[in-house]
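K.L.:
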Amino acid sequence: MEPIREKAYAKVNLSLDILGKRQDGYHEVSMIMQQISLHDLIEISTGRQPGIKITSNKSKLPLNKNNLVYKAAEKLANYHQIHLQKESIIIHIEKNIPVAAGLAGGSADAAATFCALNRYWKKEVAENDLMDLGKEIGADVPYCLMGGTALAEGIGEKLTPLKVKTPMWMVLVKPPFSASTAEVYKAFSMASGNRRPDNQKIIEALSKGKLATLAFFMENVLQPVTTSMVPEIEKVQKKLLEFNAFHAMMSGSGTTVFGLFKTRKKAESAYEKLRKIYQETYIAHTIHHR
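137 is the number that UniProt numbering gives to position 137 of the sequence shown; each next residue is one higher, with no gaps.
(1) According to DSSP, is Ser30 part of a helix, a strand, or is it coil?
(2) What's the C-alpha gap between Ala73 and Thr55?
(3) Does Lys71 come out as helix, strand or coil in the three-state DSSP assignment?
(4) Label Asp24 either buried or exposed according to how many other C-beta atoms from any shown protein chain fall within 10 Å of its C-beta, with 16 as the threshold for buried.
(5) Using a Cβ distance threshold of 8 Å, determine whether the region 104 to 118 contacts the region 142 to 151, with at least three qualifying pairs required.
(6) Ignore the nearest five residues each way along the sequence and tell me which others in Pro161's own chain have a CB closer than 8 Å to its CB.
(7) Measure the CB-CB distance between Pro98 and Glu280 and report whether it falls below 7 Å.
(8) Could you work out which residue in Asp40, Lys11, Ala212, Leu103 is closest to Glu94 when comparing CA atoms only?
(9) What is the rounded straight-line gap between the Cα of Ala77 and the Cα of Leu159?
(10) Could you pull out every residue in the same chain whose Cβ sits closer than 7 Å to the Cβ of Phe177, ignoring the five residues on either side in sequence?
(11) For a test of the three-state rule: what should DSSP assign to Glu127, helix, strand or coil?
(12) Span of the beta strand (DSSP E) holding Asp17?
(13) Helix or strand or just coil, what does DSSP make of Ser269?
(14) Please report the straight-line C-alpha distance between residue 302 and Ala100, rounded to a whole angstrom.
(15) Assess contact between the region 215 to 226 and the region 192 to 204, defined as three or more Cβ pairs (one per stretch) separated by less than 8 Å. Is contact present?
(16) Relative to the C-alpha of Ser251, which residue among Met131, Ala270, Pro224, Val164 is closest?
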């Protein structure tokens, strides 16, 4: 059988607000997620030894049961009642999305694994059922399955698709430092008084293509927390604005900072300058449908 390939698209947060902490320890969020063209590639092929084998072009990636791709494959096999003691699957992850960067790379890989394995096994699963399976692996997996632009609520699993009038170009920079998502959320305080996003205004601006309004109401309440741990975030943000981004902000819990640009030409100009300073610099555009 020919290998099955599926793109795993990264995401950025156009906003991230925290509404409170739940009794189960998770945080109640309200955020606008945006899929972008930066992607990993998942490839499924037949192996010789029974079970799941994961390979990757990145040596630092866990290639065992700790990888969300492994968890996705195992969960989908159980769903389809496929016995992995008899099946032999190799899943190769061509990693392009930076790791531990606030871009949902692991969740995107898990979502793409679901889709690729369904094609490999010639199975059809309703998207809602896949999203329910994904929720058991990670809060961002259902969104990565749906893609496009969405308002995410609850712990990120309650999704409302959004319409966007104007595609956008962006440059992303991952500083050579990471921050633990768990530590960032732990350090966040509802009483901090940091500026919060206005998601309704952002949704309206996206639907009308009003980029200046969009920029004014965008905010990530975790950015001050992560910046206190990784001060380089603020330097990256200033550089992106210096190189003509109309807005720059951290994605997720960090540490990647992305700048939004009004034209591809401006984005390419900033990308060329920034990649001379930061090794992990990327250029991408928004994706509004799968």
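Glycine is no exception: its CB is placed at the ideal position from the N, C-alpha and C atoms.
P.N.:
Let me spell this out:
(1) Taking the first residue of the sequence shown as position 1, residue 30 is located at position 30. Note: Ser30 maps to strand in three-state DSSP.
(2) For the purposes of this step, residue 73 is identified with residue 73 of the sequence shown, where counting begins at 1. For the purposes of this step, residue 55 is identified with residue 55 of the sequence shown, where counting begins at 1. Cα to Cα, the separation comes out at about 14 Å.
(3) For this step, residue 71 is matched to residue 71 along the sequence shown. Here Lys71 sits in helix by DSSP.
(4) As a working mapping, residue 24 is identified with position 24 in the sequence shown. By the neighbour-count rule (16 or more Cβ atoms within 10 Å), Asp24 is not buried but exposed.
(5) yes
(6) The count along the sequence shown starts at 1 and reaches residue 161 at position 161. Hits under 8 Å: Met146, Gly148, Thr149, Ala150.
(7) On the sequence shown, residue 98 is found 98 positions in, with the first residue counted as 1. On the sequence shown, residue 280 is found 280 positions in, with the first residue counted as 1. Yes, they are a contact pair.
(8) Sequence index remark: in the sequence shown, residue 94 carries index 94 (1-based). Checking every option, the nearest Cα to that of Glu94 belongs to Asp40.
(9) Stepping through the sequence shown from its first residue, residue 77 is reached at position 77. Stepping through the sequence shown from its first residue, residue 159 is reached at position 159. The alpha-carbon atoms of Ala77 and Leu159 are separated by roughly 26 Å.
(10) As a first step, residue 177 is located in the sequence shown; it is residue number 177 there, counting from the start. Cβ neighbours of Phe177 beyond the five flanking positions: Val230, Glu232, Thr255.
(11) Numbered from 1 along the sequence shown, position 127 holds the residue referred to as residue 127. In this structure, Glu127 counts as helix in the three-state DSSP scheme.
(12) As a position in the sequence shown, residue 17 is number 17, starting the count at 1. Taken as a continuous stretch (DSSP letters only), the beta strand (DSSP E) holding Asp17 covers 4 to 21.
(13) Counting from 1 along the sequence shown, the entry for residue 269 is found at position 269. Residue state, collapsed to three classes: helix.
(14) Here the chain has residues from 1 to 290 only, and residue 302 is not among them.
(15) Taking a cut-off of 8 Å for Cβ pairs, the region 215 to 226 and the region 192 to 204 touch, as three or more such pairs fall below it.
(16) If you number the sequence shown from 1, residue 251 lands on position 251. Selected option, being the one with the closest Cα: Pro224.
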